[in-house]
Amino acid sequence: MSDMLKGLLKEGASAAQVELTDEQLDKFEKYYEYLIEKNKVMNLTAITDEREVVYKHFVDSIALIPKMDLEEKKIIDVGTGAGFPGIPLAIMNPQTSFVLLDSLNKRINFLNEVCNLCNLSNVITIHGRAEEISRKEEYREKFDYVVSRAVANMSTLLEYCTPFLKVGGQFISYKSGKVEEELSGAQNAMKILGCKLNISIDFQLPNTDMDRKFVIYDKINKCAKKYPRQGGKPRKEPL
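Under our numbering, the first residue of the sequence shown is numbered 184, with each subsequent residue one higher.
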């Protein structure tokens with residue numbers, strides 16, 4: 184990442200009401216360079232243009248920061264892929280504990296290398312499926328926030344993500360486009376899984392024409408032990 188693109192990131196972040204230090208910019212630079220290098224040999228992102236990576240991955244990920252108090256919380260990123268939004272949020276919140284969960288081991292290896300390069304001591308990674316990991320005592324209902332940019336309908340996401348949340352915690356889904364029909368279709372899942380819709384926050388990704396939103400659910404009751412269902416059912420047969 185050139186000095187010009189560091190400036191682009193600083194400008195985009197500032198437009199999203201986030202200020203970056205030189206140390207944070209250096210970490211984003213290392214992340215960017217390694218992402219592009221590894222993407223040549225494995226499928227991490229379809230977005231490789233420098234400006235688009237800055238805005239559609241980095242700025243998009245950290246746009247949550249002024250809207251939520253993430254300081255000194257426990258956060259899990261479900262279906263993190265190449266590390267979005269978890270790695271950018273971890274760079275910006277060194278006092279916050281992050282868990283990055285993904286089902287592909289090669290992506291987990293990539294994320295471990297990024298954490299080493301960027302000296303992110305506040306991140307641990309887990310290789311596994313959400314429906315298996317959320318049944319483990321050390322992860323079930325242990326987190327203040329679950330975040331996810333994973334592409335799935337809201338009923339499916341709620342079943343994968345809600346079991347990780349403490350009662351009183353929040354699930355934050357990064358979405359784009361119109362979601363009203365999707366949210367309406369998730370009302371049954373919401374009731375079954377012990378959560379309620381709090382708010383949908385619309386925003387435009389700075390210096391782009393992209394409309395984005397954060398859909399935020401509150402965890403109000405414990406999940407029944409049978410959720411999430413096994414065998415890919417949350418995706419194949421949404422509640």
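C-beta atoms are modelled at their ideal positions from N, C-alpha and C, and glycine is treated no differently.
With three or more beta-carbon pairs closer than 8 Å as the criterion, would you say the stretch 191-204 touches the stretch 379-390?
Contact holds: three or more Cβ-Cβ distances are below 8 Å.
Determine the closest residue to Gly377 out of Leu203, Gly414, Tyr322 and Gly351, with distance taken between C-alpha atoms.
Along the sequence shown, one-based indexing puts residue 377 at 194. Answer by Cα proximity: Gly351.
What separation, rounded to the nearest whole angstrom, lies between the Cα atoms of Asn288 and Gly311?
For the purposes of this step, residue 288 is taken as the residue at position 105 of the sequence shown. For the purposes of this step, residue 311 is taken as the residue at position 128 of the sequence shown. The straight-line gap from Cα to Cα measures roughly 8 Å.
According to DSSP, which residues form a beta bridge with Gln387?
As a first step, residue 387 must be located in the sequence shown, where it is residue number 204. Bridge partners of Gln387: Asp394.
In the DSSP output, which residue or residues are listed as bridge partners for Val330?
The residue you call residue 330 lines up with position 147 of the sequence shown. Asp260 and Ile355.
Beta-carbon within less than 6 Å of Ile375's beta-carbon, same chain only, minus the 5 sequence neighbours each way: which residues are those?
If you number the sequence shown from 1, residue 375 lands on position 192. These residues qualify, in order along the chain: Leu422.
Please look up how many angstroms separate the CB atoms of Ile399 and Ile355, rounded, as I've assumed it's under 8 Å.
Numbered from 1 along the sequence shown, position 216 holds the residue referred to as residue 399. Numbered from 1 along the sequence shown, position 172 holds the residue referred to as residue 355. Their Cβ separation, rounded to whole angstroms, is 5 Å, which keeps Ile399 and Ile355 in contact under 8 Å.
Which of helix, strand or coil does DSSP assign to Ser338?
Sequence index remark: in the sequence shown, residue 338 carries index 155 (1-based). Of the three classes helix, strand and coil, the one that applies to Ser338 here is helix, per DSSP.
Kindly list the residues whose CB is nearer than 7 Å to the CB of Val297, restricted to its own chain and excluding five residues on each side of it in sequence; keep chain order.
The sequence position of residue 297 within the sequence shown is 114, counting from 1. Result list for Val297: Tyr214, Tyr217, Gly266 and Ile270, in chain order.
Ile274 and Lys210: beta carbons closer than 7 Å?
Looking up residue 274 in the sequence shown gives position 91. Looking up residue 210 in the sequence shown gives position 27. Taking 7 Å as the Cβ cut-off, Ile274 and Lys210 qualify as a contacting pair.
Since I believe Glu314 is in contact with Gln413 (beta carbons under 8 Å), could you give me their beta-carbon distance rounded to a whole number of angstroms?
Here residue 413 is taken as the residue at index 230 of the sequence shown, counted from 1. Here residue 314 is taken as the residue at index 131 of the sequence shown, counted from 1. With 8 Å as the limit, Gln413 and Glu314 qualify as a contact, their Cβ atoms being about 6 Å apart.
If I'm right that Tyr328 touches Ile403 with Cβ under 8 Å, what's the distance once you round it to whole angstroms?
Residue 328 sits at position 145 when you count from the first residue of the sequence shown. Residue 403 sits at position 220 when you count from the first residue of the sequence shown. Not a contact, Cβ separation roughly 15 Å.
Give me the DSSP bridge partner(s) of Thr231.
Residue mapping note: residue 231 aligns to position 48 of the sequence shown, counting from 1. DSSP output for Thr231 lists no bridge partner at all.
Relative to the C-alpha of Ala333, which candidate in Lys349, Pro249, Phe397 and Arg234 has its C-alpha closest?
Walking along the sequence shown from the start, residue 333 turns up at place 150. It is Phe397 whose Cα lies nearest to the Cα of Ala333.
Tell me which residue opens and which closes the beta strand (DSSP E) that Val282 is part of.
Along the sequence shown, one-based indexing puts residue 282 at 99. Per DSSP, Val282 belongs to the beta strand (DSSP E) from Ser280 to Asp285.
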